[in-house]
Amino acid sequence: MEAMRVNDVTPNDLPWKIRYDASRCTLCGSCVAACSFRAIEPKVERRRLVWSESDYPEPKQRFSAVPVIRQARSIQNYCRGCGICEKICPNDAIKPERNPDTRHPIITRCLGGDSIKRGGRKNLESNTRTLDKIRVGRISQMTDPSLDAQRHTFDMLAPFGRILSPKQLPFQVDENGKLKTVGQSPPVRWIYPVIIGDMSIGALSWRMWEAVAMATAYLNEECGLPVRMCSGEGGMPLRLLKSRYLKYSILQIASGHFGWNRIVKAMPHMVEDPAGVLIKIGQGAKPGDGGLLMAQKVAEHIQAIRGVPKADLLSPPNHQGLYSIEESVQKMFLSFNAAFKFRVPVAIKVAASATSVSVFNNLVRDPYNIVGGFFLDGIDGGTGAAHEVSLDHTGHPIVSKLRDCYLAAVAQGRQGQIPLWAAGGLGKTGDLAADAFKMMCLGANGVFTGKLILQMAGCVGNDMGRCNACNTGLCPVGITTQEPQLAHRLDPEKAAQNIVNYFLAMDQEFKKLMAPIGNSSLPVGRSDALVATDKAAAERLQIQYVC
Amino acid sequence: MCRIGAIKSRNYIHPSQALLLMQSQQKGHDNSGFAMVMHDLGGIFEGYKHLPTLSMACTDEGLKIAEDILHAAGFQRVLQWVPETENRPGLDIIAMPNYVFETFDYPRPYKKASKEEKEELLLDIRLTLRALEEDEKGFVYSFWPDVVTLKEIGDPRDIGTYFKLWEPDDNFTARVITAQCRQNTNYDIVRYAAHPFFLQGYTALANGENTFYLKNVEMQRELHRGYIGFESDSQCFLYSLHYVHRELKWPLIYYKHVITPLSFEDIEMRDDREQLLAIRQSLAHLEINGPNTIIGVLPDNSLFTCCDAKKLRPVVVGRTEDTVVVSSEVCGINEILPGRNWETDIYPDEREIVFIGDNLEVQRWKQ
Ligand code: SF4
Ligand code: SF4
Numbered sequence: 120m121e122a123m124r125v126n127d128v129t130p131n132d133l134p135w136k137i138r139y140d141a142s143r144c145t146l147c148g149s150c151v152a153a154c155s156f157r158a159i160e161p162k163v164e165r166r167r168l169v170w171s172e173s174d175y176p177e178p179k180q181r182f183s184a185v186p187v188i189r190q191a192r193s194i195q196n197y198c199r200g201c202g203i204c205e206k207i208c209p210n211d212a213i214k215p216e217r218n219p220d221t222r223h224p225i226i227t228r229c230l231g232g233d234s235i236k237r238g239g240r241k242n243l244e245s246n247t248r249t250l251d252k253i254r255v256g257r258i259s260q261m262t263d264p265s266l267d268a269q270r271h272t273f274d275m276l277a278p279f280g281r282i283l284s285p286k287q288l289p290f291q292v293d294e295n296g297k298l299k300t301v302g303q304s305p306p307v308r309w310i311y312p313v314i315i316g317d318m319s320i321g322a323l324s325w326r327m328w329e330a331v332a333m334a335t336a337y338l339n340e341e342c343g344l345p346v347r348m349c350s351g352e353g354g355m356p357l358r359l360l361k362s363r364y365l366k367y368s369i370l371q372i373a374s375g376h377f378g379w380n381r382i383v384k385a386m387p388h389m390v391e392d393p394a395g396v397l398i399k400i401g402q403g404a405k406p407g408d409g410g411l412l413m414a415q416k417v418a419e420h421i422q423a424i425r426g427v428p429k430a431d432l433l434s435p436p437n438h439q440g441l442y443s444i445e446e447s448v449q450k451m452f453l454s455f456n457a458a459f460k461f462r463v464p465v466a467i468k469v470a471a472s473a474t475s476v477s478v479f480n481n482l483v484r485d486p487y488n489i490v491g492g493f494f495l496d497g498i499d500g501g502t503g504a505a506h507e508v509s510l511d512h513t514g515h516p517i518v519s520k521l522r523d524c525y526l527a528a529v530a531q532g533r534q535g536q537i538p539l540w541a542a543g544g545l546g547k548t549g550d551l552a553a554d555a556f557k558m559m560c561l562g563a564n565g566v567f568t569g570k571l572i573l574q575m576a577g578c579v580g581n582d583m584g585r586c587n588a589c590n591t592g593l594c595p596v597g598i599t600t601q602e603p604q605l606a607h608r609l610d611p612e613k614a615a616q617n618i619v620n621y622f623l624a625m626d627q628e629f630k631k632l633m634a635p636i637g638n639s640s641l642p643v644g645r646s647d648a649l650v651a652t653d654k655a656a657a658e659r660l661q662i663q664y665v666c
Numbered sequence: 038m039c040r041i042g043a044i045k046s047r048n049y050i051h052p053s054q055a056l057l058l059m060q061s062q063q064k065g066h067d068n069s070g071f072a073m074v075m076h077d078l079g080g081i082f083e084g085y086k087h088l089p090t091l092s093m094a095c096t097d098e099g100l101k102i103a104e105d106i107l108h109a110a111g112f113q114r115v116l117q118w119v120p121e122t123e124n125r126p127g128l129d130i131i132a133m134p135n136y137v138f139e140t141f142d143y144p145r146p147y148k149k150a151s152k153e154e155k156e157e158l159l160l161d162i163r164l165t166l167r168a169l170e171e172d173e174k175g176f177v178y179s180f181w182p183d184v185v186t187l188k189e190i191g192d193p194r195d196i197g198t199y200f201k202l203w204e205p206d207d208n209f210t211a212r213v214i215t216a217q218c219r220q221n222t223n224y225d226i227v228r229y230a231a232h233p234f235f236l237q238g239y240t241a242l243a244n245g246e247n248t249f250y251l252k253n254v255e256m257q258r259e260l261h262r263g264y265i266g267f268e269s270d271s272q273c274f275l276y277s278l279h280y281v282h283r284e285l286k287w288p289l290i291y292y293k294h295v296i297t298p299l300s301f302e303d304i305e306m307r308d309d310r311e312q313l314l315a316i317r318q319s320l321a322h323l324e325i326n327g328p329n330t331i332i333g334v335l336p337d338n339s340l341f342t343c344c345d346a347k348k349l350r351p352v353v354v355g356r357t358e359d360t361v362v363v364s365s366e367v368c369g370i371n372e373i374l375p376g377r378n379w380e381t382d383i384y385p386d387e388r389e390i391v392f393i394g395d396n397l398e399v400q401r402w403k404q
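Order-wise, the sequence lines are chains Y and D. Offset between the first sequence (1-based) and the working numbering: plus 119. Offset between the second sequence (1-based) and the working numbering: plus 37.
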């Protein structure tokens, strides 16, 4: 017998175990070829068959070498549970199974001496989500009739841009008793209340990015839903920057300033203004961390768009300024406002944090009216790459923080002046309309979503440790990879169609939620329409407790 | 559901007309109260149009405290009128011990003050007096020149009998009277919470339900020191009217644009889209929702009515040469203008304001 080395990695140490049924396998090799992580491999096993043909035992034996599929025993090529092998196997001969006894978090650290990195969202789910303890409980029935979701028209738009207080509006009454404008106001765009969140062209495969851009254009031009997508840090293809579709895009700048050189150079050639600019200060999934794009994903076109060599691309955690972060942020706001001649709203995105309300208050009180939106991203937000410890343990849930910011604005009579946009795990259960609706009742003007968009396109990752390999560049469904063979697994048109259909379904569902409370416009601030089945949540969010 | 009505006339009219107007709509409410505001006063108040009149229901103690506050502020009483009451047994009325109307001259330092300064002073005094509500010592419904308010809890018919309002006389009259009979949807009947509500020359009353009450309240609370109480969602209509017309100084039609903004699609098609969009943006939290009809009076005694954006509550305007009546139900108008040409009645739609200026010309303003 071989000596047992207890520290060798075996499938039992890994998060997923492969169940393989040799009797069903025809050795077609499809699974091995399809596994982008090389987590399974063909192997030859020595088999011994013992038999007896006489009336009393007269054992004979035969040895043979049989080809089989085996799971890799490595912390580099470990199985992610993505299920692609199962999907492709014509004979149901192979599938991954979750291993509750995994030692992966320990051995990876022990063997690698490095922190664990991955993509996805927070994987530590300890209890029911707050949003699932909230219901739309105020139903219009008698004195104020509810509406008909099919027949009524609904006004489902949300503002993006700085909104002046009524007394600041530059109006004068003319001789005909009509208001006329006698000064400048900041630009405000009314858009669909769900923004496709900021996922960069480096994080996504070019085919996925194209799918999102295609879906956005289709939703706008064919379905009449003014949906905007945010570029994410890292710029955009030149062709898009110069096209009329730019008006559907929100350009992001983050601390690495990747891609901006190109955007600035493209400005004289732009035929449309972008929908907005979003300055990213922080991200809910990894607050305090800058962006991270691993070298394996920095393909040639990414190098071109960002103007960088093939290397790990790390954005610093902060926007650096000579004097202070605030100063540099303010300068950025002013320069981006100025760059587009004050025609394009500029907003800010921060990670939800215990300090968000003070940050928000500062912005709300800013006398220059330059902040056109406060994008607040909670701990359940997704990312293409982060340290697992950040993903699971740092951050702040979005629901109460959004509510706090709204109530802070209410306390000053400034609600709505800086539109609040919330994200971070919204739509996690697949039902974004319900989550978004509840967030609006609590004070959000709109929501933004990223991970869910990937799931619409076919991402198999989930919040229980499945896949989450977006950082590796080996995305098994071609979404977060720059490998041509993998990217080609994604059919951009099909992905775009899924996104479009999801939005159409969600649009219906918004109406089904607005109709019973009798609203024909979005229910921003209608916390009176919500009830909570959890006392603590009700108290914290200042809504009615019911049981 | 409440029933509301308003009368505006070239001649001074007696509140019995308002009672008549409301009585025929009786089945529509639960007889839990009656309230009215009179503007442009005749009778005993006619000679005091420029001086503020206090309208107050109170206990003896409350009256004393109120008078002390006013005297301390330098106001001198020039007229007091305590309506004669008839407290017959069996009347359904929960009246306060005193109902008083007192007219005051301004404090000496204010004699030469501007109109605005005086108006701010009157509001401050009224807000101070509202402290009496806390332990129910008194309710100050208005303190303003040329305006009186009467609100009581009980059956409107009996309230009329109690204050002897069924018998017309020339002492207690006005050219504009707004009135409401109450349908109480709250469990506790709050004395103050009967519309019409009054603030700095503006009166508003409404029948319906404002489902954006919370949004409105959260916004209004911080907009003006006079926006307090919020005992009823109809106060939201008054405060928005006051804010748009007096604070922002926008023409009245923009009140409609604020409370029931056009859809984005319709705004896009208008020449004034820039202004309408800016209004919708900046005043999003003053939008109203749910079924409502509003009747309002402006400081210059003009009268208007408008509805919610879906016209879920009816209202009708009837008129003769010298009188215009606005009412929830046409039967009320039939009662007091029986001989009018009913073909000229107006049933306002959801996108207009019907405005009755001082010359009694009825104008329909498309939103
Ligand atoms: S589940 Fe995915 S990672 Fe695991 S073996 Fe199958 S294809 Fe490879
Ligand atoms: S399927 Fe692709 S995008 Fe989804 S979790 Fe896996 S690697 Fe990430």
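Just so you know, even glycine gets a beta-carbon here, dropped at the ideal spot from N, CA and C. Remember, predicted model here, so these are calculated numbers, not experimental data.
Cβ atoms of residue 551 of chain Y and residue 625 of chain Y come within 8 Å of each other, at about 6 Å.
Interface flag for residue 327 of chain D against chain Y is set, since a Cβ pair is found closer than 9 Å. With contacts defined by Cβ atoms closer than 9 Å, residue 242 of chain D and residue 393 of chain D do not form a contacting pair. For residue 541 of chain Y, the shortest separation between its Cβ and any heavy atom of ligand 1 does not lie below 8 Å. Burial is judged here by how many other beta carbons sit within 10 angstroms of a residue's own beta carbon; residue 258 of chain Y has fewer than 16 and is exposed. For the 9 Å CB-CB criterion, residue 300 of chain Y and residue 315 of chain D form a contact. A contact is defined here as three or more CB-CB pairs under 8 Å, and the stretch 452 to 463 of chain Y fails this definition with respect to the stretch 626 to 645 of chain Y. Proximity of the beta carbon of residue 205 of chain Y to ligand 1 is indicated: a heavy atom of the ligand is located closer than 8 Å. Beta bridge pairing from DSSP links residue 329 of chain D with D:245. Here residue 247 of chain D is not near residue 131 of chain D, since their CB atoms are 9 Å or more apart. The Cβ neighbour count for residue 154 of chain Y, taken over all protein chains shown within 10 Å, is at least 16; the residue is labelled buried. Per the coordinates, the alpha-carbon of residue 390 of chain Y lies some 50 Å from the alpha-carbon of residue 351 of chain D. Residues of chain Y whose Cβ lies closer than 8 Å to the Cβ of residue 291 of chain D are, in chain order, 298. DSSP places residue 627 of chain Y in no beta strand (DSSP E) but in the uninterrupted alpha helix (DSSP H) bounded by 611 to 633. Under the three-state reduction of DSSP output, residue 287 of chain D falls in the coil class, being neither helix nor strand. Within a 10 Å sphere around the beta-carbon of residue 244 of chain D sit 16 or more other beta-carbons, which makes this residue buried. Residue 622 of chain Y sits away from residue 276 of chain Y, with the two beta carbons spaced by 9 Å or more.
For residue 579 of chain Y, there is no enclosing beta strand (DSSP E), as DSSP gives it neither H nor E. Within 8 Å of the C-beta of residue 331 of chain Y there is not a single heavy atom belonging to ligand 2. The beta carbon of residue 304 of chain D sits closer than 8 Å to the beta carbons of 298, 310, 313, 314 and 317 from its chain, once the five residues preceding and following it are set aside; these are given in chain order. Taking non-hydrogen atoms of ligand 2 into account, the C-beta of residue 587 of chain Y is found less than 8 Å away from one of them. Residue 117 of chain D is positioned such that its CB atom lies no closer than 9 Å to that of residue 96 of chain D. Taking C-beta separations shorter than 7 Å and ignoring five residues to either side along the sequence, the partners of residue 557 of chain Y in its chain run 250, 253 and 649, following chain order.
Taken through DSSP and simplified to helix, strand or coil, residue 186 of chain Y comes out as strand. In the structure shown, residue 99 of chain D adopts helical secondary structure according to DSSP, grouped into three states.
Using a CB distance cut-off of 9 Å, residue 316 of chain D counts as an interface residue toward chain Y. At a cut-off of 9 Å between beta carbons, residue 285 of chain D contacts chain Y.
Beta-bridge partners of residue 214 of chain Y (DSSP): Y:138. Residue 534 of chain Y reaches chain D at 255, 256 and 322, counting residues in chain order whose Cβ is nearer than 8 Å. The C-alpha of residue 654 of chain Y is placed about 23 Å away from the C-alpha of residue 529 of chain Y. The stretch 487 to 500 of chain Y makes contact with the stretch 468 to 477 of chain Y, as at least three CB pairs between them are under 8 Å.
Not a single CB atom of chain D sits nearer than 9 Å to the CB of residue 190 of chain Y.
Secondary structure within the stretch 349 to 391 of chain Y: the beta strand (DSSP E) runs of 3 or more consecutive residues, fully enclosed, are 368 to 372 (chain order). Around residue 271 of chain D, the same chain offers 232, 234, 241, 242 and 243 as residues with beta carbons nearer than 7 Å, after the five sequence neighbours per side are excluded. For residue 336 of chain Y, the enclosing alpha helix (DSSP H) has its first and last residue at 325 to 340. Remark: the shortest separation between the CB of residue 215 of chain Y and any heavy atom of ligand 1 falls under 8 Å.
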